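Novice: Residue numbers (this note's numbering), protein chains in the order written: chain A, 9 to 122; chain B, 11 to 584; chain C, 4 to 80; chain D, 13 to 265. Heads up, the beta-carbon is just placed ideally off N, CA and C, and yes, glycines get one too. Computed from a predicted structure; not experimentally measured. One structure is given below, represented as structure tokens, and several questions about it will come after.
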Amino acid sequence: MIERCLIFLLFLTGFHAIIVRKNVIKKVFGLGIINSAVVILFILEGSRSGNSAPIIQPGVQDVVDPIPQALMLTAVVIGVCLTALALTLVYRLYTHSLSLHIDEIRRKIHDTTH
Amino acid sequence: MIQHTDLIFAPALLPLIGAAAAFCAKSLRGKTSRYLEIAAGCTGLVLPFFALFLLYKSTLYGAVYKGVIGNWYNDVGISYRFDGISWLINFLGFIIALPAWIYAQSEKDTKTFTPLFLIQTAAVGAMAMCADIFNLFVCLEIMGIASYILVASSAKPGAFLASFSYLMISASAMVFFLFGVYGFYRLTGSLSYDSIALGLSLLPDNGGHAAVISLALITGAVVIRVAVMPLYGWLPDAHALAPHAVSAVLSGVLIKTPLFALSRVVDILPSGRAAGELMGYAGAVTAFLAAVISLSQSDVKRLLAYSSISHIGYIVCAWGAAVHAGTHTPEGRILMSAAFGHAVFHAAFKGLLFLSVGITADRTGNRDITALRGAVKFLYRNGEKIPVTFPAFCIGFFSICALPPFNGFLSKSSISLLLAGNWQNVFLIAAGVVTIAAFIRLARIYFPDKNVPSPTYTPLASSTSGSVYISQIFLSLICLCSGLFGPFLLHTFSRILSGGLREWPFSARSFYTIPGIIKIIFYSAAGFGLYTLSNTHSVNRVLYLIKERPRSFDGLFTAFGLGLAATAAWMLFR
Amino acid sequence: MIILILALIITLSFYALQSRDLLHGTIALSAASLLSALLYYILHAPDVAITEAAVGAGVSTVVFVWVIRATKRKDDS
Amino acid sequence: MKKNKTDITKRKWFQITPGVVSEILPLLCVSAVLVPVFAISLPWPDQTKKYLFSSAILETGAQNLVSSLYLGYRAFDTLGETVVLLTAVTGAIMIIKSSVHTNNSYTFSQQNVPSKTRMLRTELLDTVTGKLGPVVLLFGFYVMLFGHLSPGGGFQGGVVIASAIVFLSLGSKSDGALVLTKPGVLLWIEAASFGAFLIAACAGMITGNGFFTNPFPSGFPAHAYIIFLNCAVGLKVGAGVSFLCIEMIQNKE
Numbered sequence: 009m010i011e012r013c014l015i016f017l018l019f020l021t022g023f024h025a026i027i028v029r030k031n032v033i034k035k036v037f038g039l040g041i042i043n044s045a046v047v048i049l050f051i052l053e054g055s056r057s058g059n060s061a062p063i064i065q066p067g068v069q070d071v072v073d074p075i076p077q078a079l080m081l082t083a084v085v086i087g088v089c090l091t092a093l094a095l096t097l098v099y100r101l102y103t104h105s106l107s108l109h110i111d112e113i114r115r116k117i118h119d120t121t122h
Numbered sequence: 011m012i013q014h015t016d017l018i019f020a021p022a023l024l025p026l027i028g029a030a031a032a033f034c035a036k037s038l039r040g041k042t043s044r045y046l047e048i049a050a051g052c053t054g055l056v057l058p059f060f061a062l063f064l065l066y067k068s069t070l071y072g073a074v075y076k077g078v079i080g081n082w083y084n085d086v087g088i089s090y091r092f093d094g095i096s097w098l099i100n101f102l103g104f105i106i107a108l109p110a111w112i113y114a115q116s117e118k119d120t121k122t123f124t125p126l127f128l129i130q131t132a133a134v135g136a137m138a139m140c141a142d143i144f145n146l147f148v149c150l151e152i153m154g155i156a157s158y159i160l161v162a163s164s165a166k167p168g169a170f171l172a173s174f175s176y177l178m179i180s181a182s183a184m185v186f187f188l189f190g191v192y193g194f195y196r197l198t199g200s201l202s203y204d205s206i207a208l209g210l211s212l213l214p215d216n217g218g219h220a221a222v223i224s225l226a227l228i229t230g231a232v233v234i235r236v237a238v239m240p241l242y243g244w245l246p247d248a249h250a251l252a253p254h255a256v257s258a259v260l261s262g263v264l265i266k267t268p269l270f271a272l273s274r275v276v277d278i279l280p281s282g283r284a285a286g287e288l289m290g291y292a293g294a295v296t297a298f299l300a301a302v303i304s305l306s307q308s309d310v311k312r313l314l315a316y317s318s319i320s321h322i323g324y325i326v327c328a329w330g331a332a333v334h335a336g337t338h339t340p341e342g343r344i345l346m347s348a349a350f351g352h353a354v355f356h357a358a359f360k361g362l363l364f365l366s367v368g369i370t371a372d373r374t375g376n377r378d379i380t381a382l383r384g385a386v387k388f389l390y391r392n393g394e395k396i397p398v399t400f401p402a403f404c405i406g407f408f409s410i411c412a413l414p415p416f417n418g419f420l421s422k423s424s425i426s427l428l429l430a431g432n433w434q435n436v437f438l439i440a441a442g443v444v445t446i447a448a449f450i451r452l453a454r455i456y457f458p459d460k461n462v463p464s465p466t467y468t469p470l471a472s473s474t475s476g477s478v479y480i481s482q483i484f485l486s487l488i489c490l491c492s493g494l495f496g497p498f499l500l501h502t503f504s505r506i507l508s509g510g511l512r513e514w515p516f517s518a519r520s521f522y523t524i525p526g527i528i529k530i531i532f533y534s535a536a537g538f539g540l541y542t543l544s545n546t547h548s549v550n551r552v553l554y555l556i557k558e559r560p561r562s563f564d565g566l567f568t569a570f571g572l573g574l575a576a577t578a579a580w581m582l583f584r
Numbered sequence: 004m005i006i007l008i009l010a011l012i013i014t015l016s017f018y019a020l021q022s023r024d025l026l027h028g029t030i031a032l033s034a035a036s037l038l039s040a041l042l043y044y045i046l047h048a049p050d051v052a053i054t055e056a057a058v059g060a061g062v063s064t065v066v067f068v069w070v071i072r073a074t075k076r077k078d079d080s
Numbered sequence: 013m014k015k016n017k018t019d020i021t022k023r024k025w026f027q028i029t030p031g032v033v034s035e036i037l038p039l040l041c042v043s044a045v046l047v048p049v050f051a052i053s054l055p056w057p058d059q060t061k062k063y064l065f066s067s068a069i070l071e072t073g074a075q076n077l078v079s080s081l082y083l084g085y086r087a088f089d090t091l092g093e094t095v096v097l098l099t100a101v102t103g104a105i106m107i108i109k110s111s112v113h114t115n116n117s118y119t120f121s122q123q124n125v126p127s128k129t130r131m132l133r134t135e136l137l138d139t140v141t142g143k144l145g146p147v148v149l150l151f152g153f154y155v156m157l158f159g160h161l162s163p164g165g166g167f168q169g170g171v172v173i174a175s176a177i178v179f180l181s182l183g184s185k186s187d188g189a190l191v192l193t194k195p196g197v198l199l200w201i202e203a204a205s206f207g208a209f210l211i212a213a214c215a216g217m218i219t220g221n222g223f224f225t226n227p228f229p230s231g232f233p234a235h236a237y238i239i240f241l242n243c244a245v246g247l248k249v250g251a252g253v254s255f256l257c258i259e260m261i262q263n264k265e
């Protein structure tokens, strides 16, 4: 139970950062954190279903459920792809407005287009 | 040999094969690269039509292809389901994607554009036959990531910001989607829709709160992509600043595909119907409010973007009513066909409008509705001896204003007739009136004005290729044909959706009635009146306040949180 | 053990979000990533552990460091 | 800046401003929604686990159950994942390189960012990475090829291969000394291995066994198909990720 509460706390930390932090790189940090929170939740809960890694070897009887692991493999990779893409966009935004502050970026872009 | 049932993978696979070929073309040089790229585009966007054609007959008679990819055991492998709605989504996707791709060939460098565009189209094809909740997640991510990049590819500063906001909000929403997947897997141990529904029905109380909340999480994450009213904030900038061809596809296809894919997910639980009800209400409000905002805009493409939100409101309204009635009841199927009919017709005319208005804005170098005048003359002087752009715009204009016999009239009136007597219908009619006013404002850019100077003649910097005209003519023809044969098309959509039943209640005669025509004349007059009213000082001031209302990045997330909580509460306590 | 690692991950993430130096934040985040890889290993998920170590601590750190170099290291807000 | 700080410290903790509401409200909503999902306490459903434990080796030939899912039962998701990676790499490079319509005053000045990459290129780094590169490359291939037996697989091996290629490119004194670190070659490998993955996916259809199946069930053992898919994924990931990293390193020079 404590584990779940901690994961929940981790998720809220990340989500709070996405909403509240003004620095765009911190927002991307937040995205990475909420992604890892959901991965940890899947793996942690999945690990309760057995007591050894899902590799069939002689002597192994009770493996954990491999499906959450396979799903999270995909989710981790997709999360990193999104992070990388978000960061290249941050780079471009910085070259335009010389700032990482989201409101300032918005204001400068608004000024140049009007 | 390739079996008939394998054809259903063609709409997802052929664009991917095309994309692989286009990536190979990127590493080559010169003429070969160009030819390979065009071949890749044709493979990905033209060949699927043959597959759809071969599948047409069986889908029309209600064939449903379902199974597990790779022929595995059901609960472990990925289930798919190709039925009428999948066929229709694919049809919608390819019929808009092909002209948009042709249009984009006029750009200087399409080496990166072609593979990304093909991948985006492939995602639409794959999503159409999703019957597995994690596969839906992957498809949404592919579609999303391709569209973030395509939005950013116009290389305007605003486009990067729009793409960033779009990425952040949908990536965060997809994390909530994963929580929903977790909930369902934790409860039932399966991922395909059918097995989840079966597993939940075996649990006490159908899985209880957790199951309902999981469904609400998934619904909320998908609705972000559909851009219904509280969750629309990312759309206007993204659609307004993307390259024109991409805007056409984003507005025409990409905001509708997740909605129709969702109609299968909400069937998992009985409380999915409540979600449909709530979304239907939100859709009606969206249709009206977004139309009002579109009237206040001064940027040509932003006006079109808000009008897209307004039309997605129409579609969601009919869709929500269909889901609320149950997608397996005749009433629900008819409403769903009406929603789909409007989705296709809207995609055609909005695509046409994006392309024609986009090319006008590019040539004149001016995107301001209040400053640009006399564009018809300008285009003529600037080398367009046979006018294409302006007639194309006119067709789009008449369609979006729902004037008979254009296609917008048919789909809008079928939704209105089906919802007659509900309060939603009042909102939809009001939205129609405001839309007419907004587009009269937009149409002013083509006509001269005594007070505003016409743009000065400048010789064209680059020669425009014929592809711009071909794509516009293609879409104009689709608009005209779907207007003339509209009643028949709507009937066909309904037959495909319902598995061959002839239950569509309207024929051409039910649309062209004398009271109906009088109503249309009355609404058009009201729209014109509203347009003249919008030029007065006080109304103009109000519109300015609407346009400059505070918007922020955080507002997106606040809206998402509130929308999610509202959906969950509605589904739990309804 | 699991609770301890989780608490450490939360602390590191929190530090990453609080610190004024984005580079320190990146390092903290990649340490958190390595710790979660350890956690996955303990929880019988070696495949996810390897992926997390390679991707979370490797590739994404490279990208973060690149973007912080190309832009600004301090968070002024 | 300083003024703002004092404002914040002066603000009483109970003072409700619109800003605070917009910060706290979504958090509250989201946590209220998520709590029931976190609180599920039913026993873990294990019918699929039992099924996999008894028949995965027979059906896919992989002892590593995650591998059997990743490239066997749920290979279509893996295809999607590789597409996401391919798209992200292509898009990221396009965005980095895109020449921007600059009609604004905030143009990017090079002086703000001192080029630190040269500092990276020390003699020590050259030697170490140059020598380490081939070893890491070998290890990457090992992880990739034995993914069906032990933890690891195409994706993980691919990332290790990518780091090896980046090492090689850092270690080579003159740029492009190695064929493997040229962007054109990497791009080609990426496209070709993506094509190979697609062909492997479609081959089953041509022989009449269906999409994403072993095309010759009698000729190939089941694990050969997984090894082939592992190789295709590994090469694709390796080429793509190393291409991205090399472009990023060179971008600042």
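(1) Could you pull out every residue in the same chain whose Cβ sits closer than 8 Å to the Cβ of Ser43(B), ignoring the five residues on either side in sequence?
(2) Taking DSSP as the reference, what is the three-state secondary structure of Val78(B)?
(3) Round the Cβ separation of Lys166(B) and Leu251(B) to the nearest angstrom and send it over; I've been treating them as touching at under 8 Å.
(4) For Gly22(A) and Val58(C), I'd like the C-alpha separation in whole angstroms.
(5) Report yes or no: do the region 565-574 of chain B and the region 39-47 of chain C share at least 3 C-beta pairs separated by less than 8 Å?
(6) Could you list which residues in chain A have their beta carbon closer than 9 Å to that of Gly168(B), in chain order?
(7) Which class does His356(B) belong to by DSSP, given the choice of helix, strand or coil?
(8) Here's the rule I'm using: 16 or more other beta-carbon atoms within 10 Å means buried, otherwise exposed. How should Lys35(A) be labelled?
(9) Can you give me the Cβ contacts of Val155(D) inside the same chain, cut-off strictly under 7 Å, excluding the 5 residues immediately before and after it?
(10) In chain order, what residues of the same chain have a beta carbon less than 6 Å from the beta carbon of Lys116(A), not counting five sequence neighbours either side?
(11) Expressed to the nearest angstrom, what Euclidean distance is found between the alpha-carbon atoms of Leu64(B) and Pro21(B)?
(12) Using the three-state DSSP reduction, which class does Phe92(B) fall into: helix, strand or coil?
(13) Going along the chain, which residues of its own chain have a beta-carbon closer than 6 Å to the beta-carbon of Ala326(B), five neighbours each way excluded?
(14) Which same chain residues end up closer than 6 Å to Tyr479(B) when comparing Cβ atoms and leaving out the 5 residues on each side of it in sequence?
(15) Just to make sure I have the definition right: I need the residues of chain A whose C-beta is within less than 7 Å of the C-beta of Leu199(D). Which are they?
(16) Does the beta carbon of Leu77(D) sit closer than 9 Å to a beta carbon anywhere in chain A?
(17) Have a look at Gly573(B) and Pro48(D) and give me their C-alpha separation to the nearest angstrom.
(18) Using 10 angstroms around the beta-carbon of Leu20(C), count the other beta-carbons present and answer buried if the total reaches 16, otherwise exposed.
(19) So Ile79(B) and Tyr90(B) are in contact, right, with Cβ under 8 Å, and what is the actual spacing, rounded?
(20) Which of the three DSSP states is assigned to Val549(B) in this structure?
(21) Taking C-alpha atoms, which residue in Leu101(A), Glu53(A) and Leu81(A) lies nearest to Tyr192(B)?
(22) If we call anything under 9 Å between Cβ atoms a contact, is Thr647(B) one with Val444(B)?
(23) For the region 147-191 of chain B, which segments carrying the beta strand (DSSP E) assignment without a break, of at least 3 residues, lie completely within its bounds, in sequence order?
(24) Which word fits Gln262(D), buried or exposed, when buried means at least 16 other C-beta atoms lie within 10 angstroms of its C-beta?
(25) Between which residues of its own chain and Asp19(D) is the CB-CB distance below 7 Å, once the five residues before and five after are set aside?
(26) Out of Phe364(B), Pro25(B) and Thr198(B), which one is the CA nearest neighbour of Thr53(B)?
(27) Would you say Leu39(D) reaches chain B, if we count a Cβ-Cβ gap shorter than 9 Å as a contact?
(28) Whose Cβ in chain B lies nearer than 8 Å to the Cβ of Val266(D)?
(29) I want to see whether chain B comes within less than 9 Å of Gly188(D), judged by CB atoms only; does it?
(30) Are Asp50(C) and Asn76(D) touching if we call contact CB-CB under 9 Å?
(31) Within a Cβ cutoff of 8 Å, which residues of the same chain sit near Asp85(B), ignoring the five residues on either side of it in sequence?
(32) Using DSSP bridges, identify the partner residues of Lys35(A).
(33) Cβ closer than 8 Å: which chain D residues qualify as neighbours of Asn81(B)?
Specialist: Answer, in terms of the structure:
(1) By 1-based counting over the second sequence, the position of residue 43(B) is 33. The answer, listed in chain order, is Ala35, Lys36 and Lys121.
(2) For the purposes of this step, residue 78(B) is taken as the residue at position 68 of the second sequence. DSSP places Val78(B) in strand when its eight states are reduced to three.
(3) As a position in the second sequence, residue 166(B) is number 156, starting the count at 1. As a position in the second sequence, residue 251(B) is number 241, starting the count at 1. Yes, they are in contact, since the Cβ atoms of Lys166(B) and Leu251(B) sit about 5 Å apart, within 8 Å.
(4) Residue numbering aside, residue 22(A) sits at position 14 when the first sequence is read from its first letter. Residue numbering aside, residue 58(C) sits at position 55 when the third sequence is read from its first letter. Near 19 Å, if we compare the C-alpha coordinates of Val58(C) and Gly22(A).
(5) Counting Cβ pairs under 8 Å, fewer than three are found: no touch.
(6) Reading the second sequence from its first residue, position 158 is the one you call residue 168(B). In chain order: Ile117, His118, Thr120 and Thr121.
(7) The count along the second sequence starts at 1 and reaches residue 356(B) at position 346. Assigned with DSSP and collapsed to three states, His356(B) falls in helix.
(8) In the first sequence, residue 35(A) corresponds to position 27, counting from 1. With 16 or more Cβ atoms within 10 Å of its Cβ, Lys35(A) is classed as buried.
(9) Counting from one through the fourth sequence, the residue named residue 155(D) turns up at place 143. Residues of the same chain with a CB within less than 7 Å of the CB of Val155(D), apart from the 5 flanking positions on each side, are Gly164, Gln168, Gly169 and Val172 in chain order.
(10) By one-based count along the first sequence, residue 116(A) stands at place 108. Closer than 6 Å at Cβ, skipping near neighbours: Ser105.
(11) Along the second sequence, one-based indexing puts residue 64(B) at 54. Along the second sequence, one-based indexing puts residue 21(B) at 11. Leu64(B) and Pro21(B) have their C-alpha atoms spaced approximately 12 Å apart.
(12) Here residue 92(B) is taken as the residue at index 82 of the second sequence, counted from 1. The answer is strand: DSSP assigns Phe92(B) an E or B state.
(13) For this step, residue 326(B) is matched to residue 316 along the second sequence. Ala is not the amino acid found at residue 326(B); the sequence shown has Val there. Answer for Val326(B): Val238, Met289 and Gly293, listed in chain order.
(14) For the purposes of this step, residue 479(B) is taken as the residue at position 469 of the second sequence. Once the five neighbours on either side are set aside, the close Cβ partners of Tyr479(B) are Val398.
(15) Counted from its first residue, the fourth sequence places residue 199(D) at position 187. For the C-beta of Leu199(D), not a single chain A residue is nearer than 7 Å; the gap to the nearest is close to 17 Å.
(16) Against the fourth sequence, residue 77(D) aligns to sequence position 65. Chain A, which has a Cβ nearer than 9 Å to the Cβ of Leu77(D), makes this yes.
(17) Stepping through the second sequence from its first residue, residue 573(B) is reached at position 563. Stepping through the fourth sequence from its first residue, residue 48(D) is reached at position 36. Looking at the backbone, the Cα of Gly573(B) and that of Pro48(D) are separated by about 17 Å.
(18) Position 17 of the third sequence holds residue 20(C). It counts as buried.
(19) For the purposes of this step, residue 79(B) is taken as residue 69 along the second sequence, with counting starting at 1. For the purposes of this step, residue 90(B) is taken as residue 80 along the second sequence, with counting starting at 1. Tyr90(B) and Ile79(B) do touch by the CB rule: their CB atoms are close to 6 Å apart, below 8 Å.
(20) For the purposes of this step, residue 549(B) is taken as the residue at position 539 of the second sequence. In the displayed model, Val549(B) falls within a helix according to three-state DSSP.
(21) Against the second sequence, residue 192(B) aligns to sequence position 182. In terms of Cα proximity to Tyr192(B), the closest of Leu101(A), Glu53(A) and Leu81(A) is Glu53(A).
(22) Residue 647(B) cannot be examined here, being either before or after the span of chain B that is shown, 11 to 584.
(23) You should have found no qualifying run.
(24) The residue labelled residue 262(D) in the question sits at position 250 within the fourth sequence. Burial call: exposed.
(25) Position 7 of the fourth sequence, counted from the start, is the residue given in the question as residue 19(D). Legend: pLDDT at Asp19(D) = 49, less than 50; position of this residue unreliable, value from coordinates given subsequently. Cβ neighbours of Asp19(D) beyond the five flanking positions: none.
(26) What you label residue 53(B) is simply residue 43 of the second sequence in a count that begins at 1. When only C-alpha atoms are compared, the closest one is Pro25(B).
(27) Within the fourth sequence, residue 39(D) is the residue found at index 27, counting from 1. Leu39(D) belongs to the set of residues whose beta carbon lies under 9 Å from a beta carbon in chain B.
(28) A question about residue 266(D) goes unanswered here, because the residues of chain D that appear run from 13 up to 265.
(29) Here residue 188(D) corresponds to residue number 176 of the fourth sequence, with the count starting at 1. With a pLDDT of 48 at Gly188(D), under the threshold of 50, the modelled position of that residue is not reliable, and the figure given next carries that caveat. The C-beta of Gly188(D) comes no closer than 9 Å to any C-beta of chain B.
(30) Here the question's residue 50(C) lines up with position 47 in the third sequence. Here the question's residue 76(D) lines up with position 64 in the fourth sequence. Result yes, Cβ atoms of Asp50(C) and Asn76(D) sit closer than 9 Å.
(31) Numbered from 1 along the second sequence, position 75 holds the residue referred to as residue 85(B). So the list reads Gly199, Ser200, Leu201, Ser202 and Ser205, once near-sequence residues are dropped.
(32) Here residue 35(A) refers to the residue found at position 27 when the first sequence is read from its first residue. DSSP, once it has assigned bridges, lists no residue as partnering Lys35(A).
(33) Within the second sequence, numbered from 1, the residue matching residue 81(B) stands at position 71. Within 8 Å Cβ-Cβ: Asn221, Gly222 and Thr225.
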